[in-house]
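Residue numbers (our numbering), protein chains in the order written: chain D, 1 to 197; chain R, 198 to 904.
Structure (C-alpha cells):
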C-alpha cells in the first residue's frame, strides 16, 4: 500500500480520532494503540487514552510481516490490557482489534494466529484490495470484511465504518453483557465493503 | 522549517509517550532510551525565554511546580498515597528529575524546554488580544499541543498533597502570567478529574471535551416500566419505616449513558419484610439485551412474590443460637438443617425468577391471545432484519416474527435476607444477633456495615461473577443458573449484635464498580454515604466543632507542608535566578503559605449538576456532593484512617458548602424514609466517576435510624 491508499489511511485515522474525541463516552473509556507491519512489526502508538492520542503519519513499504504483527499484538495486549484480578483490581474492557492488510503474509503466521485465538479478543479483519487473502483472515477471526479496492473513497468509507463500530463498542462496553459479542453496524451500502461470510 | 517542526513534534511525542506510560503504570523498559530531545529545541527555547522574561515570568517558577510535584523529596509521600505500580512510576520520574537537576548537562534541557514550549504555546495562543482572549485559549489550542497540555494538567492533577498548591499556582502564576483573573468554570460536561470547584479559575483544559446530554427515553421502545417509572423515567426511590429502628430505603437511577442514548433504566430493585425477614432484591438488566429492563423487573417481582409466601414458614425466632453454633452454620453455606427452609425459599425464588422470564418469552413467541396486541407491538419495535430472524430460528420463514430469546432479557439477581435471631451469650443472658443469607447470580455487591467494625466496618456478603475483562458476568437467564448452582451460591453470615448493625446494602454494578477495590472500596463507599448524610455515623459524643477544627488543621498542615517543601526545592534549584525573580518567588511562596492557612472542609465540597428531570418537570439543578476521594486525598488518608475518626466524618457531613447549593439530604436525621430515599436517589444521580455511566441501583436496610 502506498501513495493514495496510505494517505487515505492517515486521513481515516484523523477522522477516527476526531470522532471518538467528540463522543463523551469514548472520551472516558476508549484507549487506542497502533501497530504497523511491513517488513517488521512496530507498535507506533502505545495504549493511550483517546484524549491524548494523536495519529502519527504512516508510511508503507516493504513486505507483510503478518505473523510478527500478530505476535506483537498479543504481547501488547498482555502487557497493556489489565485483567480482573480478585477484588482489588478491576479489569479493562475487552479489547477490540481492527486489523487491515492489503498483502499476503511474507512470514509464518499460523502459530501466532493460533495463540491469539485463545485470548478472547474481538478481532475485525479487513482484506483491502485484491492482493489480500480473506480466507487467511477468516482462519483468524469470524469477522472479516473485504474492500474491493484500495482507492481513497473505499478506505475512507472503511474508516467511517470502523469509527462507527468503535463508538458502538464503547456503548456496549459501558453495560454488562458486553461479552455476548459485539454487534457491528452494517457496512455502508455501495461502498465496495462486504462482510465475508 | 516545516520539516524541523515535524521532527520536533515527533521527538517530543516520543518523550511524552514514555513519561505517560510511566504515569499510567504501563511502563516499558525499552522506552527509557527515548528520554532525550533534539538539540533543535535550543533556538526555540532561547526565543521563548526572552519572551517570557519580557512578560515578567521566569521558567524557574514554573519548573518549581514540576519539581514540587515529582521531586525526589516527595517520593516517600507519594509512595504512601499511590498504588505499588504508581509508586514505581514516581520513583522513575524522580530519578529523571534528579538527573535533570544535578547532572547540569543535557538531561535538564528536556524539562526546561518542555515547560518553555508549553508556556510559549499557551501564551502565543492567548496573546494578541489580552485578557479577553484567555477563554479562547482552549479553543485555539493547536492539536499538537493538546498532548503537552493534557500531560501538564495530568502532572498537576496527580499529586494528592499539592492540590491546593496547584490551584494557587494556576491562580497566581498563570493569572499573573497572562494578566487575567481567571474565567468562569464551565460546568455540565463530563468530569475528567475530581477536584474542588471554584467559582472562577483559569481553566486551560481543551475545549474539545464534549458534553453529556439528557434525552428522555425513546417512546417507541417498549417500556414495561409501569407505576412510578412511567412518570419518572430518570429514577425512582422508595422508603418504608419498619417502626423498630430499622427502615428500608432504595433508589434506581438511569445512568449517564442511557440518558445520552434516550434509553430506559434497565435496573430494578425491591425490598420487603416477611415476618422476621428483611429481603433486599436488586437486578441489573444487561445493556446489550433488548428487554433486559423487563427481565430485571420480572426477576425481582417473581422472587419477591415467592419470598412473601415461603419466608412466612421460616420462623427463625425460635432458634436460640449460642457462640458454638455460629461457625458451623456459617461454614455450612446453607446446608445446615436449621436454615433448610430459607435455602429452599431462595432456590424457589430464583427458579421462579427464571421461570417468569421464560414464561414471558414463551407467551410472546406463541401468540398468547391475552397479549396478542402487545406481541404486535413488540414486532413493530423489534422487527429484525431477515438475517437476524434466521440466525435466531434457522427454520423461520422470511416474514416470520422475530423469535424472542431468554437472552433478550438477560439480567442479574441479587437477593439478601436479613433477620434478627435470638442469641444466648456465654453468661446465660440473651440478645439478638443478625443473620444474613445471600444468593447472587451476576455482579454488583451486597455489603454490610457494622459500627463495631470501625475503622473496618464493611463485610462483603457475596462474591460477584466477574470475567477477566470488565463487564463480563453471569446472568440469571443463562443455563448455568440451575437450582444446584443456586444453592452453591448461598452465603450465610452473622453480622453481630443487632444494635451494632449500621446498614445492609444490595447494589448493582453501576454503583459497585465505582467502588471496586475490595474492602477498601466499600469503606470509601461508607465514607461517601456518611459524608452525604445518607447513612448515620455514630460519633462518640464529642464536639463536632472541635472535630472540624482538628480536620481543618490537618488540611492546612498538609498544604503548608507542601508549600514549605516548595521553598526547599526552590533553594535547591541550581540555576541562577535574577534578583527580581527571587523576590517574586519568595512573595509567591509567602502567599501560598498564607492561603493554605485558610482552607476549610467546605472548600472541598463539589457542586454537581443534577440531570434528572422529575415528575414535576423541575429543571436541572445543582446539588452539593461530598466525595470521600477528595477529602481522603486532601488529608492524605486511607478510608480506614478517616473512619477511625468518626467525629471528623460527622464534621465533614455537617459542613455547609454554600447557600447557593441544595444539600442532598435534609440534615435532620429524623426526616422521613421517603425523604431519605429521595436523597439517595439524588446522590446516585449526581455523583460522577470517570468512565461510569451505567444505571445505578441501591437497596438499603438502614439499621441506624434509631438514635
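Cβ coordinates follow ideal geometry from the N, Cα and C atoms, glycine included.
- A residue is called buried once 16 or more other Cβ atoms fall within 10 Å of its Cβ, and residue 507/R is buried on that count.
- For the C-beta of residue 88/D, the chain R residues within less than 7 Å are, from N- to C-terminus, 714, 715.
- Per DSSP, residue 706/R is one residue of the alpha helix (DSSP H) stretching across 706 to 709.
- Pairwise C-beta distances place the segment 669 to 683 of chain R out of contact with the segment 45 to 65 of chain D, as fewer than three of them are shorter than 8 Å.
- Under DSSP, residue 805/R takes part in a beta bridge, and its partners are 820/R.
- Distance from the CA of residue 48/D to the CA of residue 17/D, rounded to the nearest whole angstrom, comes to 12 Å.
- Rounded to whole angstroms, the Cβ separation of residue 463/R and residue 434/R is 17 Å, and the two are not in contact under 8 Å.
- Counting only the Cα atoms, residue 801/R lies some 13 Å from residue 848/R.
- No Cβ-Cβ contact shorter than 9 Å links residue 511/R with residue 466/R.
- Straight across, the Cα-Cα distance linking residue 746/R with residue 546/R is about 52 Å.
- DSSP, read as helix, strand or coil, puts residue 14/D in helix.
- At a cut-off of 9 Å between beta carbons, residue 494/R makes no contact with chain D.
- The DSSP-derived three-state label of residue 28/D is helix.
- Under the three-pair Cβ rule at 8 Å, the segment 477 to 487 of chain R does not count as touching the segment 515 to 532 of chain R.
- Contact of residue 93/D with chain R is assigned, a C-beta pair being separated by under 9 Å.
- Here residue 729/R is buried, its C-beta having at least 16 other C-beta atoms within 10 Å.
- According to the DSSP secondary-structure assignment, residue 100/D is paired through a beta bridge with 126/D.
- If you check the CB distance, residue 634/R and residue 618/R do not come in under 9 Å.
- Between the alpha carbons of residue 541/R and residue 688/R lies a gap of roughly 14 Å.
- Exposed is the label assigned to residue 524/R, since fewer than 16 other Cβ atoms lie within 10 Å of its Cβ.
- A check of alpha carbon separations from residue 33/D across 74/D, 89/D, 103/D identifies 74/D as the nearest.
- Around residue 5/D, no beta-carbon contact reaches into chain R at under 8 Å, the shortest distance being about 22 Å.
- Residues of the segment 658 to 675 of chain R with a Cβ closer than 9 Å to any Cβ of chain D, in chain order: 660, 661, 663, 664, 665, 666, 667, 668, 669, 670, 672.
- Residue pairing by DSSP places residue 619/R opposite 629/R in a beta bridge.
- Of all residues in the segment 130 to 146 of chain D, none comes within less than 9 Å of chain R when Cβ atoms are compared.
- For chain D, the residues of the segment 445 to 456 of chain R that bring a beta carbon within less than 7 Å of one of its beta carbons are 454, in chain order.
- Residues of chain R with a Cβ closer than 9 Å to the Cβ of residue 42/D do not exist, since the nearest Cβ in that chain sits about 12 Å away.
- Apart from sequence neighbours up to five positions away, the residues of its chain that approach residue 6/D with a beta-carbon distance below 8 Å are 58, 59, 60, ordered along the chain.
- Short of 6 Å from the beta carbon of residue 146/D, and not among the five residues preceding or following it, lie these beta carbons of its own chain, in chain order: 127, 134, 194, 196.
- Around the beta carbon of residue 804/R, 16 or more other beta carbons sit within 10 angstroms, so the residue counts as buried.
- Here the alpha carbons of residue 609/R and residue 553/R stand approximately 14 Å from one another.
- For the segment 105 to 119 of chain D, the set of residues with a beta-carbon nearer than 8 Å to any beta-carbon of chain R is empty.
- Around the beta-carbon of residue 531/R, 16 or more other beta-carbon atoms lie within 10 Å, marking it buried.
- Between residue 721/R and residue 833/R, the gap from beta carbon to beta carbon reaches 9 Å or more.
- The beta-carbon of residue 882/R is placed no less than 9 Å from the nearest beta-carbon of chain D.
- Under the Cβ distance rule, residue 612/R does not count among the residues neighbouring chain D, no pair being separated by less than 9 Å.
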